[in-house]
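Remarks on the structure that follows.
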Amino acid sequence: MNQEKIISTQNLSKQFGHFTAVNNISFDVYKGEIFGFLGANGAGKTTAMKMLIGISKPTSGEALVAGFDVKHNAEMVKKNIGYMSQKFSMYDDLTIKENITFFGGIYGLNRNQIKEKTALLVSELGLENEINKLVGALPLGWKQKLSFSVALLHDPKIVFLDEPTGGVDPITRRQFWEMIYAQANKGTTIFVTTHYMDEAEYCDRVSIMVEGKIEALDAPKNLKQQYNVTSMNEVFLKLARNIE
Amino acid sequence: MSIQVENISKSYPKTLAVSDISFEVKEGELFGLIGPDGAGKTTLFRILTTVLLADEGKATVAGLDVIQDYKEIRKNIGYMPGKFSLYQDLTITENLNFFATIFGTTLEENYDLIKEIYIQIEPFKNRRAGALSGGMKQKLALCCALIHKPKILFLDEPTTGVDPVSRKEFWEMLKRLQKKGITILVSTPYMDEAALCDRIALIQKGQILKIDSPENIVSHYNKTIYKVRTKNKHQLILDLKKYPSHYSAFAFGEHVHYIDQNIHFDPTELEKYLKEQLHSEIDIAVAKTSIEDVFMDFTMLNQ
Numbered sequence: 000m001n002q003e004k005i006i007s008t009q010n011l012s013k014q015f016g017h018f019t020a021v022n023n024i025s026f027d028v029y030k031g032e033i034f035g036f037l038g039a040n041g042a043g044k045t046t047a048m049k050m051l052i053g054i055s056k057p058t059s060g061e062a063l064v065a066g067f068d069v070k071h072n073a074e075m076v077k078k079n080i081g082y083m084s085q086k087f088s089m090y091d092d093l094t095i096k097e098n099i100t101f102f103g104g105i106y107g108l109n110r111n112q113i114k115e116k117t118a119l120l121v122s123e124l125g126l127e128n129e130i131n132k133l134v135g136a137l138p139l140g141w142k143q144k145l146s147f148s149v150a151l152l153h154d155p156k157i158v159f160l161d162e163p164t165g166g167v168d169p170i171t172r173r174q175f176w177e178m179i180y181a182q183a184n185k186g187t188t189i190f191v192t193t194h195y196m197d198e199a200e201y202c203d204r205v206s207i208m209v210e211g212k213i214e215a216l217d218a219p220k221n222l223k224q225q226y227n228v229t230s231m232n233e234v235f236l237k238l239a240r241n242i243e
Numbered sequence: 000m001s002i003q004v005e006n007i008s009k010s011y012p013k014t015l016a017v018s019d020i021s022f023e024v025k026e027g028e029l030f031g032l033i034g035p036d037g038a039g040k041t042t043l044f045r046i047l048t049t050v051l052l053a054d055e056g057k058a059t060v061a062g063l064d065v066i067q068d069y070k071e072i073r074k075n076i077g078y079m080p081g082k083f084s085l086y087q088d089l090t091i092t093e094n095l096n097f098f099a100t101i102f103g104t105t106l107e108e109n110y111d112l113i114k115e116i117y118i119q120i121e122p123f124k125n126r127r128a129g130a131l132s133g134g135m136k137q138k139l140a141l142c143c144a145l146i147h148k149p150k151i152l153f154l155d156e157p158t159t160g161v162d163p164v165s166r167k168e169f170w171e172m173l174k175r176l177q178k179k180g181i182t183i184l185v186s187t188p189y190m191d192e193a194a195l196c197d198r199i200a201l202i203q204k205g206q207i208l209k210i211d212s213p214e215n216i217v218s219h220y221n222k223t224i225y226k227v228r229t230k231n232k233h234q235l236i237l238d239l240k241k242y243p244s245h246y247s248a249f250a251f252g253e254h255v256h257y258i259d260q261n262i263h264f265d266p267t268e269l270e271k272y273l274k275e276q277l278h279s280e281i282d283i284a285v286a287k288t289s290i291e292d293v294f295m296d297f298t299m300l301n302q
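As they're listed, the protein sequences go chains A and B. If you count by numbering that gives the first Met the number 0, then the first sequence holds residues 0 to 243, one letter each, in order. If you count by numbering that gives the first Met the number 0, then the second sequence holds residues 0 to 302, one letter each, in order.
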């Protein structure tokens with residue numbers, strides 16, 4: 000694996016009043032790596048991710064993402080990353096083409112670049128005949144594949160995927176992961192959260208957050224060895240106590 | 000029969016949501032509707048809980064007709080919709096009292112039934128529902144659905160977006176409710192939860208692909224699945240898909256599940272092929288079939 004660091008955090012913390020949502024987390028993520036970011040509901044994953052994508056300021060600690068400081072250079076962080084979540088992906092009332100044009104513009108691509116990217120993207124996804132259809136009319140699985148591609152329009156070094164496969168059928172879920180693998184092979188770093196523990200096995204390394212801290216961080220194979228179990232699901236159940 | 004569905008169909012202006020579906024749920028049964036987003040699960044739930052009319056077909060719940068006896072049905076069922084639908088501005092206590100009053104009962108009257116779940120959220124009883132975490136909202140919604148001691152519980156994707164620990168606890172809770180005599184119809188996109196039901200219906204694109212016990216669905220499956228592992232999983236999937244007699248190849252935890260078209264398939268031939276493709280640390284063995292394997296195969300055959 001390439002040792003260029005795409006994410007580097009040191010003692011990153013976030014407090015809300017007396018509540019410490021993220022407690023002194025330090026970790027690195029490398030170029031071309033598929034990094035799984037796991038944890039129970041309420042463990043602090045979302046808060047940590049918000050800091051890494053530049054939309055929430057850390058209370059203390061440092062984080063460099065795609066070469067920029069999240070505290071002082073949040074706008075540059077946003078420009079240099081891709082982001083996709085299950086909840087917000089694209090505009091249902093715009094066509095596929097309009098969505099690509101819109102997000103291309105947001106990411107600062109010029110008209111020619113948008114044109115090139117649109118052609119490339121629809122041909123890769125086999126959506127040539129659907130380009131003028133409303134995104135809202137697409138099946139969920141296609142929406143997810145499309146919004147993954149849209150998150151990559153500006154060739155970011157890293158893309159953040161927040162539960163990208165929730166509720167998607169098992170085959171589409173696997174097709175989605177094949178897209179992830181292919182993108183990582185091209186050198187893009189993938190930072191992904193999921194509640195499907197079989198997907199944790201597809202990552203190069205995973206971290207498991209418990210009560211605001213990173214309790215474990217290693218390759219799935221090593222974690223299973225360390226906890227003497229046969230699946231990531233068991234690792235998760237051993238580590239992540241239910242805290243509320 | 001606790002629930003009886005006969006030839007139910009429902010279309011929306013542009014989509015066929017449920018197409019000619021029939022099934023039965025026995026009294027005291029824990030019955031699962033297993034299928035992805037958009038399969039028609041929610042439509043079916045809404046029809047059975049009398050909040051949506053079917054275009055065609057007939058259904059009874061607790062022996063009552065979903066159209067004629069809708070008022071009576073509502074007294075006998077608890078419904079937890081997929082989308083959180085309690086009052087965000089009311090506290091836990093206020094929500095519980097509200098639903099108890101609607102059903103002409105009190106929190107105390109059926110406290111036995113909800114006690115175990117309620118004590119987990121009791122420390123936050125004066126917190127507004129909108130300010131609760133996902134797991135707590137889920138527990139409150141379940142309490143509200145149980146407050147009038149329903150005969151049948153309808154749970155529409157209660158565990159979607161919930162982490163594995165909370166999911167496990169939730170299912171343990173369902174098992175205990177079942178032991179108290181409550182019939183449960185539950186839907187989920189998680190295939191591992193299917194194994195915890197007495198019987199399941201695999202549903203996709205508005206149609207039921209199969210109804211049986213999870214054990215039977217797995218044991219009646221007649222294809223041999225091989226689990227294959229090499230050092231590079233992504234390349235392995237790509238190469239397996241290029242193998243001339245391949246039927247399917249899907250990532251499955253740390254392995255790739257592979258099915259061959261040929262019943263006389265020889266794993267050593269495949270191993271030879273993978274070596275030629277420069278794979279290392281090759282491991283091929285027969286896999287244990289899971290519901291997810293079966294579901295994926297049905298999906299492929301259904302397309």
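Glycine is no exception: its CB is placed at the ideal position from the N, C-alpha and C atoms.
| task | Can you grab the Cα-Cα spacing for the pair glutamine 85 of chain A / proline 157 of chain B, in whole Å? | result | By 1-based counting over the first sequence, the position of residue 85 of chain A is 86. By 1-based counting over the second sequence, the position of residue 157 of chain B is 158. C-alpha separation (whole angstroms): 17 Å.
| field | Proximity test, Cβ basis, 8 Å: tryptophan 308 of chain A and chain B | value | Look at the range of chain A in this structure, 0 to 243, and you will see that residue 308 of chain A is not part of it.
| task | Step through the CB atoms of chain B and report whether any lies within less than 8 Å of the CB of phenylalanine 36 of chain A. | result | In the first sequence, counting from the first residue as 1, residue 36 of chain A sits at position 37. No, no contact with chain B.
| query | Tell me which same chain residues have a C-beta within less than 6 Å of the C-beta of glutamine 206 of chain B, skipping the five on either side of it? | reply | Counting from one through the second sequence, the residue named residue 206 of chain B turns up at place 207. Closer than 6 Å at the Cβ level, and outside the excluded window around glutamine 206 of chain B, lie Ser18.
| said: Rounding to the nearest angstrom, what Cα-Cα distance links isoleucine 5 of chain A and glutamine 182 of chain A in this structure? | reply: Here residue 5 of chain A refers to the residue found at position 6 of the first sequence. Here residue 182 of chain A refers to the residue found at position 183 of the first sequence. Their backbone Cα atoms lie some 15 Å apart in a straight line.
| Cα-Cα separation between leucine 47 of chain B and glutamate 71 of chain B, rounded to whole angstroms | The residue labelled residue 47 of chain B in the question sits at position 48 within the second sequence. The residue labelled residue 71 of chain B in the question sits at position 72 within the second sequence. Cα to Cα, the separation comes out at about 13 Å.
| said: So, at 7 Å on beta carbons, what are the nonlocal neighbours of glutamate 243 of chain A in its own chain, with the 5 sequence-adjacent residues on each side left out? | reply: Stepping through the first sequence from its first residue, residue 243 of chain A is reached at position 244. Unreliable placement is indicated for glutamate 243 of chain A, whose pLDDT of 41 sits below 50; the coordinate value is still reported in the next sentence. Closer than 7 Å at the Cβ level, and outside the excluded window around glutamate 243 of chain A, lie Gly41.
| message | Below 8 Å, how does it come out for the region 107-118 of chain A and the region 59-75 of chain A: are there three or more Cβ pairs, yes or no? | response | no
| query | For phenylalanine 83 of chain B, is the beta carbon positioned less than 7 Å from some heavy atom of the ligand MG? | reply | Ligands are entirely absent from the displayed structure, and the ligand MG is therefore not among its contents.
| field | Own chain residues within Cβ distance below 8 Å of tyrosine 86 of chain B, not counting five before or after | value | Start at 1 with the first residue of the second sequence, and residue 86 of chain B comes out as number 87. Counting only Cβ-Cβ distances below 8 Å, and skipping sequence neighbours, we find Glu93, Asn94, Phe97, Ala128.
| For glutamate 28 of chain B, which of helix, strand or coil comes out of DSSP? | Residue numbering aside, residue 28 of chain B sits at position 29 when the second sequence is read from its first letter. If DSSP states are grouped into helix, strand and coil, glutamate 28 of chain B belongs with coil.
| Cβ of glutamate 243 of chain A within 8 Å of any chain B Cβ | Locating residue 243 of chain A in the first sequence gives position 244, where the first residue counts as 1. Its pLDDT being 41, under 50, glutamate 243 of chain A is placed unreliably in this model, and the coordinates cannot settle the point.
| query | Any chance the region 240-250 of chain B sits against the region 292-302 of chain B, with 3 or more Cβ pairs inside 8 Å? | reply | yes
| task | Look up lysine 240 of chain B in the DSSP assignment and say whether it is helix, strand or coil. | result | Locating residue 240 of chain B in the second sequence gives position 241, where the first residue counts as 1. Lysine 240 of chain B: helix per DSSP, three-state reduction.
| Helix, strand or coil at glutamate 108 of chain B [DSSP, three-state] | In the second sequence, the residue the question calls residue 108 of chain B occupies position 109. Coil at glutamate 108 of chain B, not helix or strand.
| Close Cβ partners of tyrosine 226 of chain A (< 6 Å) along its chain, the five nearest in sequence each way excluded | Counting from 1 along the first sequence, the entry for residue 226 of chain A is found at position 227. Val234, Lys237.
| request: Using alpha carbons as the reference points, say which of B/Asp36, B/Phe30, B/Thr42 lies closest to alanine 16 of chain B. | output: The residue labelled residue 16 of chain B in the question sits at position 17 within the second sequence. Checking every option, the nearest Cα to that of alanine 16 of chain B belongs to B/Thr42.
| task | Helix, strand or coil for phenylalanine 15 of chain A, going by three-state DSSP, please let me know. | result | On the first sequence, residue 15 of chain A is found 16 positions in, with the first residue counted as 1. DSSP places phenylalanine 15 of chain A in strand when its eight states are reduced to three.
| task | Return the CA-CA distance between aspartate 91 of chain A and alanine 136 of chain A, expressed in angstroms with no decimal places. | result | Residue 91 of chain A sits at position 92 when you count from the first residue of the first sequence. Residue 136 of chain A sits at position 137 when you count from the first residue of the first sequence. Going by the C-alpha atoms only, they are around 8 Å apart.
| request: Determine the direct distance from the alpha carbon of histidine 278 of chain B to that of glycine 133 of chain B, and round the result to whole angstroms. | output: Within the second sequence, residue 133 of chain B is the residue found at index 134, counting from 1. Within the second sequence, residue 278 of chain B is the residue found at index 279, counting from 1. Computed Cα separation, rounded: 44 Å.
| task | Evaluate aspartate 265 of chain B with the Cβ neighbour count: other Cβ atoms within 10 Å of its Cβ, from every protein chain shown; 16 or more gives buried, anything less gives exposed. | result | Looking up residue 265 of chain B in the second sequence gives position 266. The residue in question, aspartate 265 of chain B, is exposed, as its Cβ has fewer than 16 Cβ neighbours within 10 Å.
| query | For the putative contact between isoleucine 210 of chain B and phenylalanine 22 of chain B, defined by C-beta atoms under 8 Å, what is the C-beta separation to the nearest angstrom? | reply | Looking up residue 210 of chain B in the second sequence gives position 211. Looking up residue 22 of chain B in the second sequence gives position 23. Between phenylalanine 22 of chain B and isoleucine 210 of chain B the Cβ distance is about 6 Å, and since that is below 8 Å, they are a contact.
| Any idea what DSSP makes of glutamine 177 of chain B, helix, strand or coil? | Residue mapping note: residue 177 of chain B aligns to position 178 of the second sequence, counting from 1. Helix at glutamine 177 of chain B.
| message | Between the region 26-41 of chain B and the region 179-194 of chain B, can you find at least three pairs of beta-carbon atoms closer than 8 Å? | response | yes
| request: Go ahead and pull the three-state DSSP assignment for methionine 0 of chain B. | output: The count along the second sequence starts at 1 and reaches residue 0 of chain B at position 1. Looking at methionine 0 of chain B - three-state DSSP - the assignment turns out to be coil, as it is neither helix nor strand.
| query | So phenylalanine 26 of chain A and threonine 46 of chain A are in contact, right, with Cβ under 8 Å, and what is the actual spacing, rounded? | reply | Residue 26 of chain A sits at position 27 when you count from the first residue of the first sequence. Residue 46 of chain A sits at position 47 when you count from the first residue of the first sequence. So it is not a contact: roughly 15 Å between Cβ atoms.
| Run through DSSP, which three-state label would glutamine 276 of chain B get? | One-based indexing of the second sequence puts residue 276 of chain B at position 277. DSSP places glutamine 276 of chain B in coil when its eight states are reduced to three.
| request: On a CA-only basis, which of A/Arg172, A/Gly35, A/Glu3, A/Ile157 is nearest asparagine 79 of chain A? Give me that one, please. | output: Within the first sequence, residue 79 of chain A is the residue found at index 80, counting from 1. Answer by Cα proximity: A/Ile157.
| request: Mind listing the chain B neighbours of leucine 236 of chain A? Cutoff is C-beta to C-beta under 8 Å, in chain order. | output: The sequence position of residue 236 of chain A within the first sequence is 237, counting from 1. Within 8 Å Cβ-Cβ: Pro163, Val164, Lys167.
| Is it true that the CB of phenylalanine 175 of chain A sits closer than 8 Å to the CB of phenylalanine 36 of chain A? | As a first step, residue 36 of chain A must be located in the first sequence, where it is residue number 37. As a first step, residue 175 of chain A must be located in the first sequence, where it is residue number 176. It is not a contact, given that the beta carbons lie outside the stated cut-off.
| DSSP puts phenylalanine 153 of chain B in a beta bridge; with which residues? | Looking up residue 153 of chain B in the second sequence gives position 154. Paired residues: B/Tyr78, B/Leu184.
| query | Taking only beta-carbon atoms, is isoleucine 170 of chain A less than 8 Å away from chain B? | reply | For the purposes of this step, residue 170 of chain A is identified with residue 171 of the first sequence, where counting begins at 1. Cβ-Cβ to chain B under 8 Å: yes for isoleucine 170 of chain A.
| When burial is assigned at 16 or more other CB atoms within 10 Å of the CB, is leucine 300 of chain B buried or exposed? | In the second sequence, residue 300 of chain B corresponds to position 301, counting from 1. Classification for leucine 300 of chain B: exposed.
| query | Rounded to whole angstroms, how far is the Cβ of isoleucine 76 of chain B from the Cβ of isoleucine 151 of chain B, which I believe are closer than 8 Å? | reply | Here residue 76 of chain B corresponds to residue number 77 of the second sequence, with the count starting at 1. Here residue 151 of chain B corresponds to residue number 152 of the second sequence, with the count starting at 1. Correct: roughly 5 Å between the Cβ atoms.
| query | How big is the Cα-Cα spacing for lysine 137 of chain B and tyrosine 257 of chain B? | reply | The count along the second sequence starts at 1 and reaches residue 137 of chain B at position 138. The count along the second sequence starts at 1 and reaches residue 257 of chain B at position 258. Checking the displayed sequence, the identity of residue 137 of chain B turns out to be glutamine instead of lysine. Going from the Cα of glutamine 137 of chain B to the Cα of tyrosine 257 of chain B covers about 37 Å.
| field | CA-to-CA distance, serine 122 of chain A to leucine 176 of chain B, given in whole angstroms | value | Reading the second sequence from its first residue, position 177 is the one you call residue 176 of chain B. Reading the first sequence from its first residue, position 123 is the one you call residue 122 of chain A. Going by the C-alpha atoms only, they are around 51 Å apart.
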